[in-house]
DNA sequence: TTCTTCCTCCAAAACGTTTCGGATTGCTTT
DNA sequence: AAAGCAATCCGAAACGTTTTGGAGGAAGAA
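Residue numbers (this note's numbering), protein chains in the order written: chain A, 299 to 637; chain B, 299 to 637.
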């Protein structure tokens with residue numbers, strides 16, 4: 299039915315050893331025999347059985363992409379999808395495979411990440427969207443499964459990470475607002491269980507410090523990375539502190555919420571209140587007005603994560619850390635160009 | 299290092315056969331021995347080697363998701379992502395795995411789908427986004443690899459498909475426009491290599507026929523499922539046929555293009571020209587004005603596709619065809635509610 | 001001639017499972 | 001006492017590869 303190496307051996311009149319070595323490019327097989335074997339393999343429409351190969355070599359040339367909460371709703375921000383595309387891109391360039399593990403909270407109780415990885419024999423894993431207080435994060439990091447984390451700065455023998463410079467990214471955004479003359483700037487941050495939240499807050503503070511604008515803690519709200527929550531918080535801030543003329547939001551989704559709140563209060567964007575977000579999701583350029591934001595190239599993050607992981611697997615990684623650039627995209631939510 | 303069934307056997311003082319059968323719930327092992335074995339397995343932190351299992355059982359409990367052209371740009375419409383999420387959802391419910399194959403045109407030349415599938419030992423595949431003139435579609439369908447197609451109506455012993463009723467979907471959209479009094483309705487269709495294009499065009503015609511509005515072929519343009527192309531075509535149509543008061547677009551992305559064109563000509567939506575799209579992508583509810591569209595539940599399509607495939611694999615599929623519902627979502631691009 | 005060396009090739013073990021075809025024991029029937 | 005049966009267990013083969021440690025010759029060196 300399905301051709302194996304054995305069939306080729308029989309047809310070519312050689313041993314299976316020779317077939318294996320011929321097909322894998324070893325030098326101890328005569329070039330003429332090799333050609334014959336390759337020819338026969340092609341004729342018989344042979345494709346190697348990766349299961350068998352993986353079994354004996356003890357590696358599968360497969361990496362796992364572990365994302366958390368891949369539900370119907372999460373499709374809204376395509377962060378995960380872009381990461382995935384990037385991972386997929388590199389992985390297919392180097393002839394690896396990617397299998398997707400999505401862990402819902404119920405699922406986690408049954409099987410731990412490490413179990414998942416070991417069972418499916420992935421050589422390594424990329425983790426995305428895991429909260430820093432996730433008990434399983436600890437587990438993976440402590441296991442000996444090579445992995446790279448996205449936006450979580452943990453490093454060890456087997457663990458690396460890729461991230462962007464979130465402090466600088468936030469700084470760029472806030473400097474932009476300051477340059478436009480804003481002094482009363484509020485921030486809607488994500489929940490504290492994300493590394494990026496902490497970093498972006500720091501960037502926010504540092505930028506204010508640079509400009510010698512006092513930092514007021516009461517102008518920082520927790521929007522939990524949710525559109526609705528951010529809207530509520532923005533509403534609260536705007537009514538409580540009417541002097542606010544600008545919002546820096548730690549995600550575009552939250553910026554959308556803030557914009558809704560601003561509009562609800564009958565204020566104009568950006569004339570009365572300016573808004574800048576973070577992520578540059580697709581929606582950002584389609585809102586009215588289009589949203590200024592700090593763009594991070596998530597596709598590249600996925601690509602680099604996969605690259606780093608596979609380099610680690612093959613022992614040629616020089617560093618376990620990769621930090622990517624961000625770019626401030628100025629649109630009309632902060633600055634109206636009349637021309 | 300890593301525990302195998304053999305270690306358990308040694309620790310429990312039984313044969314590996316017994317361990318295997320105990321762990322797999324066979325009845326010919328004493329309940330006390332089984333408990334002991336399970337206990338030991340847990341203690342030793344055992345997880346079965348799916349490679350070895352797959353090798354001997356000749357199936358991997360893995361399905362492949364074949365998408366075409368998963369590039370950085372395609373992340374814009376999250377169709378693929380939603381399908382993927384749906385597939386992933388079902389697959390993890392029944393303890394299968396999903397591996398993603400994204401085929402770019404260059405990649406296809408090296409390895410055919412069947413080779414990919416056979417090599418990676420997937421039990422079956424789901425194909426999404428493949429054009430009907432793709433030579434490899436033929437190949438997969440003719441191979442004996444079980445697969446289900448998304449939006450391509452081919453059926454055989456090993457092939458099934460899931461789709462929505464695109465004729466009806468289009469009809470709903472056009473009937474809506476007709477009910478609003480529109481008579482000069484243009485259509486921007488996708489390229490002809492998609493099954494859905496043909497279907498949606500038919501729905502368009504049938505709806506007109508019902509209302510006894512003559513069908514004018516020159517009002518149908520090819521937008522190639524691209525935003526820019528659709529914009530150009532809309533521009534051309536609007537200037538050439540100023541009597542047009544409504545557009546039916548075969549995708550939301552193209553509807554976005556049409557809306558741009560309409561705005562460029564200084565016309566208002568929906569007062570001067572109404573627009574209805576297809577897909578209900580996330581952007582649709584965020585445009586100004588929000589876009590009326592025919593929603594198809596892509597998550598459900600993915601979910602059902604995976605379900606169908608796995609039922610086929612396990613021999614319990616009664617039908618190879620699944621047709622899902624669509625829903626017309628009326629928003630302000632067709633009808634402004636003044637209240 | 002005898003010893004090396006190089007080039008080709010191969011038999012067999014190993015990877016971790018599942019499964020087939022018994023084997024053993026103790027009990028019940030005849 | 002012999003035979004039959006149910007319950008419980010196990011040895012060994014099989015799945016399709018890779019790899020180890022050589023074997024067999026031919027050619028060159030001493």
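Think of the CB as a built atom: it goes at the ideal place given N, C-alpha and C, for glycine as much as any other residue. Small disclaimer: the values here were computed from a predicted structure and weren't measured.
Environment of residue i [buried if 16+ CB atoms lie within 10 Å]
i, result
"residue 521/A", "buried"
"residue 337/A", "exposed"
"residue 637/B", "For residue 637/B, the predicted model reports a pLDDT of 44, less than 50, meaning its position is unreliable; a value from the coordinates is still stated below. So residue 637/B ends up on the exposed side."
"residue 578/A", "buried"
"residue 614/A", "exposed"
"residue 393/A", "exposed"
"residue 433/A", "exposed"
"residue 557/A", "buried"
"residue 444/B", "buried"
"residue 300/B", "exposed"
"residue 341/A", "exposed"
"residue 323/A", "exposed"
"residue 376/A", "buried"
"residue 477/B", "exposed"
"residue 616/B", "exposed"
"residue 629/B", "buried"
"residue 531/B", "buried"
Top-ranked residue by Cα proximity to residue i, from the options
i, options, result
"residue 359/A", "609/A, 625/A and 630/A", "609/A"
"residue 567/B", "464/B, 543/B, 583/B and 578/B", "543/B"
"residue 625/A", "536/A, 500/A and 474/A", "474/A"
"residue 352/A", "570/B, 417/B and 575/B", "417/B"
"residue 627/A", "307/A, 595/A and 612/A", "595/A"
"residue 306/A", "324/A, 346/A and 328/A", "346/A"
"residue 349/B", "333/B, 395/B, 316/B and 317/B", "395/B"
"residue 571/B", "605/B, 500/B and 483/B", "483/B"
"residue 354/B", "419/B, 524/B and 502/B", "419/B"
"residue 528/B", "612/B, 481/B and 547/B", "547/B"
"residue 304/B", "339/B, 458/B and 411/B", "339/B"
"residue 564/B", "497/B, 537/B and 607/B", "537/B"
"residue 435/A", "422/A, 480/A and 450/A", "450/A"
"residue 539/B", "559/B, 322/B, 523/B and 517/B", "517/B"
"residue 321/B", "511/B, 411/B and 335/B", "335/B"
"residue 463/B", "447/B, 574/B, 494/B and 344/B", "494/B"
"residue 513/B", "500/B, 323/B and 333/B", "500/B"
"residue 380/B", "607/B, 600/B and 497/B", "600/B"
"residue 498/B", "575/B, 327/B and 611/B", "575/B"
"residue 541/B", "480/B, 384/B and 441/B", "480/B"
"residue 427/A", "401/A, 414/A and 409/A", "401/A"
Beta-bridge partners of residue i, as assigned by DSSP
i, result
"residue 594/B", "624/B"
"residue 487/B", "520/B"
"residue 399/A", "364/A"
"residue 576/B", "592/B"
"residue 544/B", "483/B and 572/B"
"residue 503/B", "BP columns for residue 503/B are empty, so no partner."
"residue 445/B", "423/B and 457/B"
"residue 462/B", "622/B"
- [ ] Identify each residue in the region 572 to 585 of chain B for which the Cβ-Cβ distance to at least one residue of chain A is less than 8 Å, and report them in chain order.
- [x] Correct list: 580, 581, 584 and 585.
Open item on the list: Under 9 Å, CB to CB, which of the residues in the region 419 to 430 of chain A have a partner in chain B?
Closed with: With the criterion set as a beta carbon lying under 9 Å from some beta carbon of chain B, the members of the region 419 to 430 of chain A are 419, in sequence order.
Open item on the list: By the 9 Å beta-carbon criterion, what residues does the region 305 to 323 of chain A contribute toward chain B?
Closed with: So the list is empty, because no residue satisfies the distance condition.
Open item on the list: Does the region 389 to 400 of chain B come into contact with the region 349 to 366 of chain B, if we say contact requires no fewer than three beta-carbon pairs (one atom in each stretch) closer than 8 Å?
Closed with: yes
Open item on the list: Can you confirm whether the region 438 to 458 of chain B touches the region 468 to 476 of chain B when touching is taken to mean that 3 or more C-beta pairs between the two stretches lie within less than 8 Å?
Closed with: no
Open item on the list: I'd like to know if the region 541 to 559 of chain B and the region 483 to 502 of chain B are in contact, where contact means that at least 3 CB-CB pairs between them fall below 8 Å.
Closed with: yes
Open item on the list: Does the contact criterion of 3 or more C-beta pairs under 8 Å hold for the region 611 to 625 of chain B versus the region 584 to 602 of chain B?
Closed with: yes
Task: Cβ contact (3+ pairs, closer than 8 Å) linking the region 572 to 591 of chain A and the region 299 to 317 of chain B - done: no
- [ ] Name, going along the chain, the residues of the region 455 to 489 of chain B whose beta-carbon falls closer than 7 Å to a beta-carbon of chain A.
- [x] none
Task: Members of the region 340 to 367 of chain A that neighbour chain B once the beta carbon cut-off is set at 8 Å - done: 345, 346, 347, 348, 349, 350, 352, 353, 358 and 360
TODO: Give, in chain order, every residue of the region 497 to 525 of chain B whose Cβ lies closer than 8 Å to some Cβ of chain A.
DONE: none
- [ ] Mind checking the region 547 to 574 of chain A against chain B and listing, in chain order, the residues whose C-beta falls within less than 7 Å of any C-beta there?
- [x] Against chain B - using a Cβ distance shorter than 7 Å - the region 547 to 574 of chain A contributes no residues.
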